[in-house]
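Inspection log for the structure reproduced underneath, given as structure tokens.
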Amino acid sequence: MRLPAFSLIVFSLCGGAQAQEISLRLPVACEIGRTCFIQKYLDHDPSTEVRDYQCGSLGDDKHDGTDFRLLNMPAQQAGVDVVAAADGKVASTREGVPDAFVRKEDVEKISKIGCGNAVVIDHGNGWRTAYCHMAKGSLTVRSGREVKAGEKIGQVGLSGLTEFPHLHFTVLKDGKPVDPFAYGAPDKSCGGGKSLWDASLQPSLAYQTGTVLNKGFAPGPVSMEAIESGSVEQDVPTTRSPALVAYVRTIALKGGDVQTLTLFDADGKPVAQNKAPPLDRTKAQWMMFAGIKQPSGGFKPGLYRAIYRVERDGKPDIEQAFGINLRP
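Every number in the numbering used here is 66 more than the matching position in the sequence shown, counting from 1.
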């Protein structure tokens with residue numbers, strides 16, 4: 067979902083003198099690729115099309131920052147800290163916006179507070195960072211306070227224009243959003259510019275298209291809502307379950323990707339397969355499952371496995387294997 071123009075976030079964004087580049091640390095206390103993932107990047111295309119810094123389409127039209135997404139709502143409810151990306155002084159805050167999934171009919175109504183509960187930090191020399199969608203009641207700083215890099219300023223939430231629990235992180239130079247992955251990149255370049263992230267972070271922040279966010283097994287049909295809420299994880303299949311269903315949820319897939327999910331029984335025999343048609347366009351997220359009903363007498367105890375594969379441009383691109391030990 068596209069965020070409103072930053073001028074609507076009611077923060078005063080002052081310019082500053084030219085200065086050296088800023089060095090940023092991760093603004094979320096999570097592990098990239100395991101407990102959090104990058105869902106969207108800054109949009110470099112001035113038209114209604116979307117172009118991220120690698121000339122991909124991971125983002126939304128006019129998206130002015132980077133979205134760090136959590137696995138699901140239980141992860142958010144457990145509490146994940148948002149931290150200052152660099153030393154600075156808190157310029158402004160907003161608090162009191164409720165955490166809720168946005169419905170289409172509510173978009174216009176809340177567009178002026180699309181950033182939700184938020185903090186803006188001034189780092190001097192024209193640099194500022196903004197932290198959006200934090201949890202209601204989680205902010206730990208107020209305007210005028212000095213903060214150090216890595217200091218907690220709130221927690222990841224679901225406030226404002228949000229469709230999943232995440233932190234929307236924007237870097238500004240002299241009042242204009244810039245891409246921390248490609249600062250100073252020439253127009254229409256792919257992978258140009260310089261990273262503003264601390265050197266120790268750059269390997270884990272390498273650009274990726276297609277990442278498995280959730281995977282597992284269920285005793286029946288699976289929905290996107292059940293994965294997001296975490297309820298699918300609460301009902302563990304057994305040998306007496308009515309069915310055994312393997313599921314995956316993947317983010318940032320590309321148009322043309324071909325996905326296959328295969329379920330193997332305790333003897334290693336493939337017993338179910340779901341092969342989806344090529345995707346018609348880039349997908350922010352995608353869920354699929356494959357399963358079988360309980361055979362007569364129940365499932366045989368033992369290790370059941372599933373393998374999820376993505377073929378891109380005719381070549382293997384993603385593969386994830388996972389299993390479950392069925393017990394009576």
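Note that the Cβ used here is the ideal one computed from N, Cα and C, for glycine as well. Fair warning: this is a prediction, and the values are worked out from it, not measured in the lab.
Query raised in the report: Just how far apart, CA to CA, sit D126 and V168?
Result: In the sequence shown, residue 126 corresponds to position 60, counting from 1. In the sequence shown, residue 168 corresponds to position 102, counting from 1. Distance between the alpha carbons of D126 and V168 is about 16 Å.
Query - DSSP three-state assignment for P140, whether helix, strand or coil - result: Indexing the sequence shown from 1 puts residue 140 at position 74. Reduced to three states, the DSSP call for P140 is helix.
Report task. With a threshold of 16 other CB atoms inside 10 Å of the CB of R347, please say whether the residue is buried or exposed. Result -> Taking the first residue of the sequence shown as 1, we reach residue 347 at position 281. Exposed.
Query - Where C256 falls, given that 16 or more other Cβ within 10 Å makes a residue buried - result: For the purposes of this step, residue 256 is identified with residue 190 of the sequence shown, where counting begins at 1. Looking at its Cβ environment, which holds fewer than 16 other Cβ atoms inside 10 Å, C256 is exposed.
Query raised in the report: If we call anything under 8 Å between Cβ atoms a contact, is G389 one with R371?
Result: Translated into positions along the sequence shown, residue 389 becomes position 323. Translated into positions along the sequence shown, residue 371 becomes position 305. Yes, these two residues count as a Cβ contact at 8 Å.
Requested in this report: Tell me, to the nearest whole angstrom, how far the beta carbon of G226 is from that of S204; I am working on the premise that it is less than 8 Å.
Outcome: On the sequence shown, position 160 is the one that residue 226 refers to. On the sequence shown, position 138 is the one that residue 204 refers to. Actually they do not touch by this definition, with Cβ atoms about 14 Å apart.
Query raised in the report: For L227 and chain C, any beta-carbon pair shorter than 8 Å?
Result: Looking at the structure shown, chain C is missing, and only one protein chain is on hand.
Query raised in the report: Using the beta-carbon count (16 or more within 10 Å), is A338 buried or exposed?
Result: Here residue 338 is taken as the residue at index 272 of the sequence shown, counted from 1. Buried.
Query raised in the report: Which same chain residues, not among the five before or five after P303, have their C-beta less than 7 Å away from its C-beta?
Result: Translated into the one-based positions of the sequence shown, residue 303 becomes position 237. Answer for P303: F283, A284, P285, L310, I390, L392, listed in chain order.
Query raised in the report: Considering only the beta carbon of each residue, do G296 and N138 sit closer than 8 Å?
Result: As a working note, residue 296 is residue 230 in the sequence shown. As a working note, residue 138 is residue 72 in the sequence shown. Going by C-beta atoms, G296 is nearer than 8 Å to N138.
**Report entry** Secondary structure of V278, DSSP reduced to three states
**Finding:** Position 212 of the sequence shown, counted from the start, is the residue given in the question as residue 278. Looking at V278 - three-state DSSP - the assignment turns out to be strand.
Query raised in the report: I think G223 touches P231, with their Cβ atoms under 8 Å apart; what is that distance to the nearest whole Å?
Result: By one-based count along the sequence shown, residue 223 stands at place 157. By one-based count along the sequence shown, residue 231 stands at place 165. Confirmed, Cβ separation roughly 7 Å.
Query raised in the report: Is the beta carbon of S225 within less than 7 Å of some heavy atom of the ligand NAD?
Result: This structure does not include the ligand NAD; it has no bound ligands of any sort.
Query raised in the report: Taking DSSP as the reference, what is the three-state secondary structure of L88?
Result: By one-based count along the sequence shown, residue 88 stands at place 22. This sequence places Ile at residue 88; Leu is not what is there. I88 falls in the coil class under three-state DSSP.
Query raised in the report: Does DSSP classify E291 as helix, strand or coil?
Result: In the sequence shown, counting from the first residue as 1, residue 291 sits at position 225. Helix, per DSSP.
Requested in this report: Take Q360 and list the residues in its own chain whose beta-carbon comes closer than 7 Å to its own, dropping the five residues that flank it on each side.
Outcome: For the purposes of this step, residue 360 is taken as the residue at position 294 of the sequence shown. Same-chain partners within the cutoff: S307, P308, A309.
Requested in this report: For D400, count neighbouring C-beta atoms within 10 Å of its own C-beta (all shown protein chains included) and say buried if the count is 16 or more, exposed if not.
Outcome: The structure shown does not extend to residue 400, since the chain spans only 67 to 394, so no value can be given for it.
**Report entry** Reference G368; option with closest CA among L279, Q268, D333
**Finding:** Taking the first residue of the sequence shown as 1, we reach residue 368 at position 302. Answer by Cα proximity: D333.
Query raised in the report: Do you know offhand how far P243's Cα is from D133's?
Result: Taking the first residue of the sequence shown as position 1, residue 243 is located at position 177. Taking the first residue of the sequence shown as position 1, residue 133 is located at position 67. Between P243 and D133, the C-alpha separation is close to 14 Å.
Report task. Taking R194 as part of the beta strand (DSSP E), name the residues at either end of that continuous run. Result -> Here the question's residue 194 lines up with position 128 in the sequence shown. Looking at the DSSP string, the run of the beta strand (DSSP E) that includes R194 is 193-200.
Query raised in the report: What does Y23 pair with, by DSSP beta-bridge criteria?
Result: Residue 23 is absent from the structure shown; the chain starts at 67 and stops at 394.
Query raised in the report: By how many angstroms is the C-alpha of A141 removed from the C-alpha of P287?
Result: Within the sequence shown, the letter at position 221 stands for residue 287. Within the sequence shown, the letter at position 75 stands for residue 141. Taking the straight line joining both Cα atoms gives about 23 Å.
Query raised in the report: Beta carbon of L271, beta carbon of V148: below 8 Å?
Result: Within the sequence shown, numbered from 1, the residue matching residue 271 stands at position 205. Within the sequence shown, numbered from 1, the residue matching residue 148 stands at position 82. Going by C-beta atoms, L271 is not nearer than 8 Å to V148.
Requested in this report: Could you work out which residue in F247, I293, V213, R160 is closest to L136 when comparing CA atoms only?
Outcome: Taking the first residue of the sequence shown as 1, we reach residue 136 at position 70. Ranking F247, I293, V213, R160 by Cα distance to L136 puts I293 first.
Query raised in the report: Among residues of its own chain, excluding the 5 on either side of C80, which ones have a beta-carbon nearer than 6 Å to its beta-carbon?
Result: The residue you call residue 80 lines up with position 14 of the sequence shown. Reliability fails at C80, whose pLDDT of 39 lies under 50, so the model's placement of it is uncertain and no value is given.
Requested in this report: Within the same chain, show all residues whose beta-carbon is closer than 7 Å to that of P252, passing over the 5 residues directly before and after it, in chain order.
Outcome: Reading the sequence shown from its first residue, position 186 is the one you call residue 252. Taken in chain order, the residues that qualify are G258.
Query raised in the report: Run through DSSP, which three-state label would S204 get?
Result: In the sequence shown, counting from the first residue as 1, residue 204 sits at position 138. It is coil, neither helix nor strand.
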